[in-house]
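Chemist: So that we are looking at the same thing, I have put the structure below in structure tokens.
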Amino acid sequence: MYFRIAKLPHGPTLTYQVKEYCLVRDIISAQKKPLVYEKLFAHQPLLVLNGFSGEGMHLKLMTTTFQNMFPSINVNKTNLNAIRRTLLINYNEDKTIDLRQYAIKIAPTGMSRPVKKLIQGKVPNLSQYKDIEDFLQRSGNLSESEYEQDTPANTVVLPQPISSRGNITSEKSAIRLFELGPRIKLQLMKIEEGVMTGEVLYHDYITKTPEEIAALRAKMKAKKHLKEQRKAQQKNNVERKKKEQKGKGSGAENPDDE
């Protein structure tokens, strides 16, 4: 299976081989509490590229192509409420590319999970507790799967207000990612000029000598010249037929009155 990305109308075209993939429905169905809601897709995702800093024309072209697929985002000026998803694209040492999409959730830190539920409006059934203190203290008996640990790696200070409850400007909040899918593993096969018809600028496993490149360029030039000749001939034929039809129309006169 192959995946092509082309810049219209003049190219270039990048052809990838799809090594592995996993559909969105498979990712979502495997999650206990998937984070999917309508406004999640109201804005473009935040694009994060990793591993594309090496040398080579193909790396620069891939980087430019991925960046131009989405509107640019100024993280210092944009409204943080509009950044609800992130697209992570990682270039590996074996020349493969991992593509992942995540939903972004901002959660307050420095408080127990029961308190977070109350702040976020998720009031549980408290009939089983004699006192509110019993509910608040149950955070010490959470199972391993329910425990949410915040570390400096995923904790930030919010520079502006966030619409979700419990998050306060200039205070610390945790960033959590929930995978949305799809999962795709790609490998770049070739880059060619134009839209899938031009000269091959890069190929992953085929290398040609200067003589072979010159012969291919000459062949493509001759093919292009022949195509232009045919187009010109078609244009001349259309114009000739129009003139013939016009001549026939002007030659058909009304009969003279007797």
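Those letters in the sequence shown? Residues 1 to 258, per the UniProt record's numbering, in order.
From the three backbone atoms N, C-alpha and C, an ideal C-beta is built for every residue, glycine too.
1. Just to confirm the assignment, what range does the beta strand (DSSP E) spanning residue 25 have?
2. With burial defined as no fewer than 16 other Cβ atoms inside 10 Å of the residue's Cβ, what is the status of residue 38: buried or exposed?
3. Which residues bound the beta strand (DSSP E) around residue 125?
4. Assuming residue 109 contacts residue 173 under a Cβ cut-off of 8 angstroms, what Cβ separation, rounded to an integer in Å, is found between them?
5. Give the DSSP-derived three-state secondary structure of residue 93 in the structure shown.
6. Which parts of the region 46–98 are runs of the alpha helix (DSSP H), unbroken and 4 residues or longer, counting only runs that do not cross its ends?
7. Output the distance between the C-alpha atoms of residue 190 and residue 236, rounded to the nearest integer angstrom.
8. Count the other CB atoms within 10 Å of the CB of residue 101; is the residue buried (16 or more) or exposed (fewer)?
9. Quick check on residue 132: does DSSP put it in helix, strand or coil?
10. Which partner residues does residue 186 have in the DSSP bridge list?
11. Give a yes or no on whether the minimum CB-CB distance between residue 168 and chain D is below 9 angstroms.
12. If I measure Cβ to Cβ from residue 80 and keep anything under 7 angstroms in the same chain, skipping five residues before and after, which residues do I get?
13. Exposed or buried, which one is residue 74 when buried takes at least 16 other CB atoms within 10 Å?
14. What does residue 2 pair with, by DSSP beta-bridge criteria?
15. DSSP state of residue 238, grouped into three classes?
16. Could you say if the region 8–28 and the region 191–205 meet the contact criterion of at least three C-beta pairs nearer than 8 angstroms?
17. Between residue 176 and the ligand MN, is there a pair consisting of the residue's CB and a ligand heavy atom that are separated by less than 8 angstroms?
18. By the DSSP assignment, the beta strand (DSSP E) with residue 175 in it spans what residues?
19. Rounded to whole angstroms, what's the CA-CA distance from residue 145 to residue 30? Just pull it up for me.
20. Just tell me which of 72, 50 and 33 has its CA closest to the CA of residue 62.
21. I'd like the span of the beta strand (DSSP E) that includes residue 155, first residue to last.
Modeler: Short version:
1. Run containing residue 25: none in the beta strand (DSSP E); it sits in the alpha helix (DSSP H), 24–29.
2. Label assigned to residue 38: exposed.
3. Annotation for residue 125: no beta strand (DSSP E) segment contains it, and DSSP assigns it neither H nor E.
4. So it is a contact: roughly 6 angstroms between Cβ atoms.
5. The answer is coil: DSSP assigns residue 93 none of H, G, I, E or B.
6. The region 46–98 contains these whole alpha helix (DSSP H) runs: 57–68.
7. Their backbone Cα atoms lie some 38 angstroms apart in a straight line.
8. Answer is buried; the Cβ neighbour count reaches 16.
9. In the structure shown, residue 132 falls within a helical segment according to DSSP collapsed to helix, strand and coil.
10. Paired residue(s): 18 and 97.
11. Protein chains in the displayed structure number just one, and chain D is not present.
12. The residues are 160 and 162.
13. Exposed, by the Cβ-count rule.
14. DSSP lists 17 as partners of residue 2.
15. Three-state result, residue 238: helix.
16. In short, these stretches touch, since the Cβ pair count reaches three.
17. As for the ligand MN, it is missing from this structure, which has no ligand bound.
18. Unbroken beta strand (DSSP E) run through residue 175: 172–179.
19. Any reading at residue 145 must be qualified, since the residue scores a pLDDT of 37, below 50, and its modelled position is unreliable; the value itself is stated next. Computed Cα separation, rounded: 15 angstroms.
20. Of the candidates 72, 50 and 33, 50 places its Cα closest to the Cα of residue 62.
21. For residue 155, the enclosing beta strand (DSSP E) covers residues 155–157.
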